[in-house]
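K.L.:
Letter 39 of the sequence shown, counting from 1, is numbered 39 in full-length UniProt numbering, and no numbers are missing.
Before I ask anything, let me first share the structure, which is written out below as structure tokens.
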Amino acid sequence: MELANVPNLASSSSFFFSSCTCRVLCYRGRRTGTGAITVFAAGSRCSADSACSELIEQQNVDPLSVASSPANTHRYRRRDFAAVALLPFLLPNVDMASAAELYDGSIIQNGVRNVLTKVKAAGVLRLVFHDAGTFDVGDKSGGMNGSIIYEVDRPENTGLSKPLKILRKAKEGIDQVQQVSWADLIAVAGAEAVALCGGPEIPVRLGRLDSRTADPAGKLPEETLDIVALKTSFSKKGFSVQEMVVLSGAHTIGGKGFGNPNGFDNTYFKILLEKPQPTSSGMPIGLPTDWALTKDDECLRWINIYAEDQDKFFADFRDAYTKLVNSGASWRTA
Ligand code: HEM
């Protein structure tokens, strides 16, 4: 595929990589239009995700700050690509794999942006939970491994073939430039969906490997679970009660009636505190599991915190999302 067919490459905001052992490109920020590529200074720490905080070995002077240009021209994109290709030679301590992955990130992000709209965002975010949420800390099975592509016919995945079809289209375009795993694609797409709807920007570590088989069935929580069973289900995936509550806040977007279906905000928590339990056009709002959270003191404490403080919700959602998309993932080593 011609670079020209990958729009917005240059407008992708800041990308960074580290030379630490996680060796994984992560991207941060979006749509700032600066086109700047930031390289960590020596002595700083990788903040790719909570799993890696190694010291960065590379000392450099940010040679790849690409001049910003409102006109997102084909020529500009070629120059951006050329700069990235030159990176390993400019920075001798940086290996080629990191540079390739640096390019990878922008391609994935822009490939997703080409197909994603606010209306499609909820389905795409739900896809993340249904791929990663099969993780079992006990036997380390399941997790963020792209296996959802083999599982769409399961009853709990009803409705997910649509968002999957959307991402398949993105994948076809991206794969022509650089192969991307389903797991990375879904993780990035979910983060893009959240940001597109006005939620927090979430850096996503890249390099997940795909599973070639379906995960064990029956791992996702059913919507009729009571609070005890719901807690058990999330604890088996390695999540605390606070993480379960904040992740449930994803239901703020989509068709369950928690305010604006395309607006990622803390309305979910505000509505959960309403009494009597509200309805929308005569229909109940939310799922039984959403309301089950309000029956538990610890959950209720978090619901109150997030209802009062959207910034706190966003920060905690970002952390829990990062943990979710890294759950049970196997990583490329080079
Ligand atoms: C607490 C346990 C959870 C249960 C039982 C559950 C179940 C469900 C169900 C039954 C739906 C409705 C699907 C439909 O309309 O056909 C739904 C929608 C959704 N779920 Fe969950 N979910 C849970 C947690 C999560 C988590 C952790 C996330 C993401 C981090 C998530 C993201 C979504 C989104 C975004 C939608 C809206 C989809 C749309 O309207 O297209 N869910 N969920």
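Note that CB positions come from ideal geometry on N, CA and C, so glycine has one too.
On a predicted model such as this, the values are computed, not experimentally measured, just so you know.
For residue 216, does the three-state DSSP call read helix, strand or coil?
P.N.:
Reduced to three states, the DSSP call for residue 216 is coil.
K.L.:
Just the C-alpha distance for residue 143 and residue 271, rounded to the nearest angstrom, thanks.
P.N.:
The straight-line gap from Cα to Cα measures roughly 30 Å.
K.L.:
Quick check on DSSP: helix, strand or coil for residue 279?
P.N.:
In this structure, residue 279 counts as strand in the three-state DSSP scheme.
K.L.:
Which complete alpha helix (DSSP H) runs does the segment 268-322 hold, if anything under 4 residues is left out?
P.N.:
The qualifying runs are 288-292 and 297-308.
K.L.:
Comparing C-alpha positions only, which one of 129, 159, 162 and 139 sits nearest to residue 147?
P.N.:
Ranking the options by Cα distance to residue 147, first place goes to 129.
K.L.:
Return the Cβ separation of residue 156 and residue 220 in integer angstroms, given the expectation that the two are a contact with Cβ distance under 8 Å.
P.N.:
With 8 Å as the limit, residue 156 and residue 220 qualify as a contact, their Cβ atoms being about 5 Å apart.
K.L.:
Tell me whether residue 306 counts as near ligand 1, meaning its Cβ is closer than 8 Å to at least one heavy atom of that ligand.
P.N.:
It does not: the Cβ of residue 306 is nowhere closer than 8 Å to a heavy atom of ligand 1.
K.L.:
What separation, rounded to the nearest whole angstrom, lies between the Cα atoms of residue 80 and residue 105?
P.N.:
Annotation note: pLDDT 45 at residue 80 (below 50); position unreliable, coordinate value reported separately. Straight-line Cα distance between these residues: approximately 13 Å.
K.L.:
Tell me which residues share the same chain as residue 238 and place their Cβ nearer than 6 Å to its Cβ, disregarding the 5 neighbours each side in the sequence.
P.N.:
For residue 238, where only same-chain residues beyond five positions count, the Cβ hits under 6 Å are 137.
K.L.:
Alpha carbon to alpha carbon, what distance is there between residue 268 and residue 275?
P.N.:
The alpha-carbon atoms of residue 275 and residue 268 are separated by roughly 14 Å.
K.L.:
Between the C-alpha atoms of residue 242 and residue 258, what's the straight-line distance to the nearest angstrom?
P.N.:
Looking at the two C-alpha atoms, the distance is approximately 20 Å.
K.L.:
Any heavy atom of ligand 1 closer than 8 Å to the Cβ of residue 222?
P.N.:
Yes, the Cβ of residue 222 comes within 8 Å of a heavy atom of ligand 1.
K.L.:
Report whether the distance from the Cβ of residue 321 to the nearest heavy atom of ligand 1 is below 8 Å.
P.N.:
At least one heavy atom of ligand 1 is nearer than 8 Å to the Cβ of residue 321, so yes.
K.L.:
How long is the line joining the alpha carbons of residue 126 and residue 266, rounded to whole angstroms?
P.N.:
Using only the alpha carbons, I get a separation of about 17 Å.
K.L.:
Output the distance between the C-alpha atoms of residue 229 and residue 160, rounded to the nearest integer angstrom.
P.N.:
Each residue's alpha carbon lies about 24 Å from the other.
K.L.:
Please give the ranges of any alpha helix (DSSP H) in the segment 185-269, keeping only runs that are unbroken, at least 4 residues long and fully inside the region.
P.N.:
Counting only runs of 4 or more, we get 227-236 and 241-248.
K.L.:
Buried or exposed: where does residue 315 fall if 16 or more other Cβ atoms within 10 Å of its Cβ makes it buried?
P.N.:
Exposed: under 16 other Cβ atoms inside 10 Å.
K.L.:
Can you find the residues in the same chain that come closer than 8 Å, C-beta to C-beta, to residue 123, ignoring five residues on each side of it along the sequence?
P.N.:
159, 160, 162, 163, 166 and 254.
K.L.:
Taking the alpha helix (DSSP H) that residue 128 belongs to, which residues open and close that run?
P.N.:
Run containing residue 128: 118-132, per the alpha helix (DSSP H) assignment.
K.L.:
With C-beta atoms as the reference, is residue 264 less than 9 Å away from residue 328?
P.N.:
Not in contact: residue 264 and residue 328 (Cβ atoms no closer than 9 Å).
K.L.:
Which stretch, first to last residue, makes up the alpha helix (DSSP H) that contains residue 170?
P.N.:
Looking at the DSSP string, the run of the alpha helix (DSSP H) that includes residue 170 is 161-177.
K.L.:
Closest to residue 324 by CA distance: which of 312, 256, 302 and 235 is it?
P.N.:
Closest by alpha carbon: 235.
K.L.:
Measuring straight from C-alpha to C-alpha, what distance separates residue 194 and residue 302?
P.N.:
Approximately 20 Å between the Cα atoms of the pair.
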